[in-house]
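Everything below concerns the one structure shown next.
There are 2 protein chains.
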Amino acid sequence: MKAAERARRTQAERRAQSREALLEAAARGLSRNGYANLVLAQVAADAGYTRGALYHQFAGKEALALAVVRWVDETWTAEVGAPAAATTDPVEALTAMARGHARYCRRDVANVMNVLWTEFAGRDHPVGSLITEVVDRLTAQVAERIAEGRQSGAIPPGPPPATTATAYLGALEGVVSRLTGQAPHDVELAEATVRGVLGLPPSPHRATHHTR
Amino acid sequence: MKAAERARRTQAERRAQSREALLEAAARGLSRNGYANLVLAQVAADAGYTRGALYHQFAGKEALALAVVRWVDETWTAEVGAPAAATTDPVEALTAMARGHARYCRRDVANVMNVLWTEFAGRDHPVGSLITEVVDRLTAQVAERIAEGRQSGAIPPGPPPATTATAYLGALEGVVSRLTGQAPHDVELAEATVRGVLGLPPSPHRATHHTR
DNA sequence: TCACATACGTACATGCATGCATGTTACCTT
DNA sequence: AAGGTAACATGCATGCATGTACGTATGTGA
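Protein chains in written order, with the UniProt record's numbering: chain A, 1 to 212; chain B, 1 to 212.
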C-alpha cells in the first residue's frame with residue numbers, strides 16, 4: 001500500500017498515536033497523583049498536546065480514568081492473569097501470580113489500580129465501580145484457586161476462601177507498591193507474603209539464596 | 001435557654017472538646033475521602049460546627065491534616081507500638097504488632113495513614129514529609145527487630161532487614177485495610193501475612209481453629 | 001485542487017473550596 | 001453585673017480546574 005510508505009500519517013494512525021500517548025501520560029499521572037490531584041492540562045502537556053486534544057479523544061476526566069483502568073486491566077490480564085490461569089496446580093498458579101504481579105508493577109504505570117482503589121473505596125463513583133468490578137473478578141478467581149488447593153490438601157485450612165483471597169490481593173498490592181525498584185527482592189518477598197497469607201511454609205529455595 | 005441545661009464548661013475544656021471533635025471528624029473524612037477530596041465544611045459539620053471553629057483551632061487544611069497524623073501516630077504508638085516494643089522476643093514482638101495493628105485498624109480512623117501515604121508518596125508536601133517520617137521511624141524499628149531475629153536464628157535469612165521491614169509494613173497495611181470489619185479473620189490473616197514476609201513457618205495453632 | 005472532515009489549539013464561563021475579615025455568642029474577671 | 005476576651009458563625013474574595021465554544025491546521029476524497 002502507498003499509505004504505509006507515505007511519511008504523512010493517516011488520520012486513524014494519528015488518532016491512535018495521540019490516544020496512546022495521552023493514556024500513558026494519564027496512567028503515570030494517576031499512579032503518581034491520584035484522581036483528585038490529576039490535572040488534565042498536565043496530562044496533555046506530558047503527552048505533548050494540550051487539553052483540546054484530550055477532550056477530543058475522551059469525554060472528560062472521568063472517561064479518561066475509566067479508559068486507563070480498562071487499559072491497565074487488559075495488559076495485566078495478558079501478562080499476569082492469563083499465564084497464572086493457564087497453570088493447573090493451584091499453589092503454583094497463586095505463587096506465580098504473585099511473582100508476575102511484582103514484575104508487572106516494576107513499571108510506574110502499575111500503581112494506578114492501587115491508588116484508585118484506595119481513593120474510591122466505599123464511594124459511589126463510576127471509576128470506583130469499575131475498579132470494584134475488576135477487583136471482584138480477580139478476587140473470585142483467587143478464591144476459586146484457594147478452594148481447589150484446600151480440597152486437595154495442598155493449602156491448609158483457614159478463613160473462608162473469599163476472605164483469604166481478599167487478604168491475598170491486599171497483601172500482594174501492599175508489598176509490591178512499596179517495593180518498586182527494589183528488584184529482585186520484590187519478587188521474592190511477594191511470593192513469601194502470599195505463601196504466608198495462604199498458610200504455606202516458606203519456599204525451600206529461599207534460604208539458599210542468602211547468607212545470614 | 002439551652003445554656004441552663006448544658007454543663008457550663010471552662011474555656012479550656014470547651015476548646016479541647018471542640019478540637020477533639022474536629023480531629024475525629026477530620027480523621028474519618030481523611031480515611032474515607034483522602035486529603036484532596038476532604039471538604040473542610042463537611043468536616044466541621046460532622047463535628048457539629050462550622051468552618052469558623054475549624055479555622056479558629058487550626059491554621060488551615062494542611063495544619064489540620066498534620067494534627068490528625070500526629071494524633072493517629074500517638075494513639076497507635078500507645079496501643080500497638082509500645083506493647084510490641086516492650087516485648088523482648090523479636091518474633092513475638094513482630095507478630096504481636098501485626099495482631100495489634102489489625103485490631104487497631106478495626107476503627108474507621110485507622111486508614112488515614114494508608115490513604116495519606118499513597119496520596120503523598122513521592123511528592124513534596126508537608127503532610128507527605130510527616131508521614132514519611134513516621135513510616136521511616138517505624139520501618140527502622142521493624143528492621144532492627146528483624147536483624148535481631150536473624151542473628152539469633154529465629155528468623156531465617158532473606159533480603160536486607162530494611163527491605164524486609166518495608167515489605168512487612170506494606171503487606172500488613174494492605175491486608176488490614178481490605179479486611180476491616182472481617183473480625184476475627186483480620187487478626188489471623190495479618191499474623192499469617194507477616195510470618196510469610198519474614199520467612200517463618202505458619203503458626204502451629206492455625207490449623208486447629210478451622211475445619212477444612 | 002478544492003471542499004469537507006477530523007485532529008488539535010485557544011479563550012471564556014462556571015463551579016467550588018479555601019482563606020480571611022467581620023459579626024455574634026459564650027465564658028471569665030473584678 | 002459589666003466589660004473584656006476567647007470561641008464560634010457568617011459573608012466575601014480569590015484561585016484553580018473543569019468543561020465548552022469556537023478558531024486553526026492537517027489529512028481525505030472527488
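Where a beta carbon is used, it is the ideal one built from N, C-alpha and C, also for glycine.
It should be emphasised that the depicted structure is a prediction, and the values quoted were computed from it without experimental measurement.
Counting only runs of 3 or more residues that sit fully inside the UniProt DNA-binding region "H-T-H motif" (39-58) of chain A, no beta strand (DSSP E) segment turns up. DSSP places A:Q182 outside any alpha helix (DSSP H), giving it a letter other than H or E. For A:A192, the C-beta contacts it makes with chain B under 7 Å involve G196, V197, G199, in order along the chain. Across the set B:E92, B:Q17, B:G199, the C-alpha of B:Q17 shows the shortest separation from the C-alpha of B:A53. For B:N37, no alpha helix (DSSP H) segment is defined, and its DSSP state is neither H nor E. Counting along the chain, the unbroken alpha helix (DSSP H) around A:P90 starts and ends at 90-104.
Against chain A, the beta carbon of B:H125 has no neighbour under 9 Å; the closest one sits roughly 10 Å away.
B:I146 sits close to B:A165, with the two beta carbons spaced by under 8 Å. In this structure, A:A47 sits near A:L22, with a CB-CB distance shorter than 8 Å. A straight-line Cα-Cα distance of about 5 Å links B:A143 and B:P161. In the structure shown, the three-state DSSP call for A:S203 is coil. In this structure, the CA atom of A:R106 is about 9 Å from the CA atom of A:Q182.
In its chain, beyond the 5 residues on either side, V175, L179 have a beta carbon closer than 7 Å to the beta carbon of A:L189. In the structure shown, the three-state DSSP call for B:A171 is helix. With fewer than 16 neighbouring CB atoms inside 10 Å of its own CB, B:H205 falls in the exposed class.
Legend: CB atoms of the region 176-188 of chain B lying less than 7 Å from CB atoms of chain A belong to residues S177, R178, L179, Q182, H185, E188.
A:P202 is classed as buried because its beta carbon has at least 16 other beta carbons within 10 Å across all chains shown. With distances taken between CA atoms, A:V80 lies nearest to A:L138 out of A:G153, A:E13, A:L138, A:P159.
The continuous alpha helix (DSSP H) containing B:A86 extends over residues 82-86. From the listed residues A:H56, A:A67, A:G128, A:E92, the smallest Cα separation to A:A27 is found for A:A67.
Proximity of chain B to A:R32 at the Cβ level (cut-off 9 Å) is accounted for by A121, G122, R123, in chain order. With fewer than three CB-CB distances shorter than 8 Å, the region 82-101 of chain A does not count as touching the region 95-112 of chain B.
Within chain B, G34, N111, N114, V115, T118, E119, S177 have C-beta atoms less than 9 Å from the C-beta of A:T118, given in sequence order. With a cutoff of 8 Å on beta-carbon distance, A:N111 and A:S152 are scored as not near each other. In this chain, the alpha helix (DSSP H) harbouring A:I131 covers 126-152. Using a Cβ distance threshold of 8 Å, A:L30 and A:A85 do not count as a contacting pair. Identification of chain B residues near A:E173 by a Cβ-Cβ cut-off of 7 Å yields G174, ordered along the chain. Using beta-carbon distances, A:P159 counts as an interface residue toward chain B, with a partner under 8 Å.
In this structure A:I155 is not in contact with A:L116, their Cβ atoms being roughly 30 Å apart against a cut-off of 8 Å.
Chain A places no beta carbon closer than 8 Å to that of B:G48, leaving this residue out of the contacts.
Taking C-beta atoms as the reference points, A:V194 and A:V134 fail to come closer than 8 Å. In the structure shown, B:G29 adopts helical secondary structure according to DSSP, grouped into three states. Counting only Cβ-Cβ distances below 7 Å, A:T132 has no contacts in chain B at all, with the closest Cβ about 12 Å away.
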